[in-house]
Amino acid sequence: MAEKARTGRLVVAVDGPSGSGKSTVSRRLATALDASYLDTGAMYRAVTWAVLRCGIDPQDAGAVAKAAEEVELTIGVDPAAPHFAADDVPVDQEIRGPEVTAAVSAVSAVPEVRRLMVNRQREVIAAAERIVVEGRDIGAVVAPDADLKVYLTASAEARAQRRSAEYAADVVATAADLARRDRLDSTRTTSPLQQAPDAIVLDTTELGIDEVVHRLRELLDGPVAP
Ligand code: DC
Numbered sequence: 556m557a558e559k560a561r562t563g564r565l566v567v568a569v570d571g572p573s574g575s576g577k578s579t580v581s582r583r584l585a586t587a588l589d590a591s592y593l594d595t596g597a598m599y600r601a602v603t604w605a606v607l608r609c610g611i612d613p614q615d616a617g618a619v620a621k622a623a624e625e626v627e628l629t630i631g632v633d634p635a636a637p638h639f640a641a642d643d644v645p646v647d648q649e650i651r652g653p654e655v656t657a658a659v660s661a662v663s664a665v666p667e668v669r670r671l672m673v674n675r676q677r678e679v680i681a682a683a684e685r686i687v688v689e690g691r692d693i694g695a696v697v698a699p700d701a702d703l704k705v706y707l708t709a710s711a712e713a714r715a716q717r718r719s720a721e722y723a724a725d726v727v728a729t730a731a732d733l734a735r736r737d738r739l740d741s742t743r744t745t746s747p748l749q750q751a752p753d754a755i756v757l758d759t760t761e762l763g764i765d766e767v768v769h770r771l772r773e774l775l776d777g778p779v780a781p
């Protein structure tokens, strides 16, 4: 694995619930490995933005599937600036807003949406030489042959604290929203949030970002200077 971590083809799958530190860790790891970075949550968010822009009810699975098929996504994979656009409209800020966040679990539960996104994710992975991919079903469904599969967790309190700091939002409301999305994301029928059986589980409740990235690099590369 050590040689692979430095050169050649490399796929790292990072899964876990919201607020587990996935995004920050994945971007930092991708930069350290000189790899691309794919935020699959941003893909579901960009489709959700397109659904809402068209005035479609996120619960209307048929209309949602059609919108997902028609929207042209631009998917950035630069860990320093992973820009996203939908039908050539930049959506980096919009996809983090409350409207999209409230509707994304419903949109991402539609089987046809998942089929389209998983296909697209596999294309992006195949086109990249080295890539860190974050999401909910990467190790189990999208890239079961990944070189390293990590499942990040953290206590519900720590996750709510992180998300509320990130979005300058009320911590109690954030905790309620995370609990709602966790429930929806882990109970949907098509590829729910799941831990691949061969994933390495890392609880980040008490760990700083640097420490998590360091541990992942050690898993790939053997001991690494801090
Ligand atoms: O990681 P995030 O919060 O940006 O993800 C947004 C939503 O997308 C989340 O509620 C679950 C969904 N998602 C998914 O179903 N599968 C993925 N691989 C990534 C995200």
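Position in the sequence shown counted from 1, then plus 555, gives you our numbering.
For every residue, glycine included, the Cβ atom is placed at its ideal position computed from N, Cα and C.
On a predicted model such as this, the values are computed, not experimentally measured, just so you know.
Secondary structure of residue i, DSSP reduced to three states
{"i": "SER710", "result": "coil"}
{"i": "ILE680", "result": "helix"}
{"i": "THR586", "result": "helix"}
{"i": "ILE630", "result": "strand"}
{"i": "ILE755", "result": "strand"}
{"i": "PRO699", "result": "coil"}
{"i": "ALA640", "result": "strand"}
{"i": "SER746", "result": "coil"}
{"i": "VAL665", "result": "coil"}
{"i": "ILE611", "result": "coil"}
{"i": "SER575", "result": "coil"}
{"i": "GLY694", "result": "helix"}
{"i": "ALA720", "result": "helix"}
{"i": "THR603", "result": "helix"}
{"i": "GLU761", "result": "coil"}
{"i": "ALA597", "result": "helix"}
{"i": "ALA635", "result": "coil"}
First and last residue of the uninterrupted beta strand (DSSP E) at residue i
{"i": "VAL688", "result": "685-690"}
{"i": "ASP765", "result": "Premise fails: ASP765 lies in the alpha helix (DSSP H), 764-776, not in any beta strand (DSSP E)."}
{"i": "LEU593", "result": "591-594"}
Alpha helix (DSSP H) segment containing residue i, residue limits
{"i": "ASP737", "result": "726-742"}
{"i": "GLU624", "result": "616-625"}
Integer Cβ distance of residue i from residue j, believed to fall under 8 Å
{"i": "VAL705", "j": "ILE630", "result": "Actually they are not in contact, since the Cβ atoms of VAL705 and ILE630 sit about 21 Å apart, beyond 8 Å."}
{"i": "ALA585", "j": "SER578", "result": "Not confirmed; about 11 Å, so no contact."}
{"i": "THR595", "j": "GLY690", "result": "4 Å"}
{"i": "SER581", "j": "ALA709", "result": "So it is not a contact: roughly 15 Å between Cβ atoms."}
{"i": "ILE650", "j": "ALA597", "result": "6 Å"}
{"i": "ALA601", "j": "PHE639", "result": "5 Å"}
{"i": "LEU775", "j": "VAL687", "result": "The pair is not a contact, with the Cβ atoms about 10 Å apart (cut-off 8 Å)."}
{"i": "ALA620", "j": "GLU667", "result": "4 Å"}
{"i": "ASP692", "j": "GLN750", "result": "Rounded, the Cβ-Cβ distance is 10 Å, inconsistent with contact."}
{"i": "ALA701", "j": "ALA568", "result": "4 Å"}
Identity of the residues DSSP links to residue i by a beta bridge
{"i": "LYS704", "result": "ALA568"}
{"i": "PRO645", "result": "ALA640"}
Test: residue i CB closer than 8 Å to a CB of chain D
{"i": "LYS621", "result": "No chain D is present in this structure, which holds just one protein chain."}
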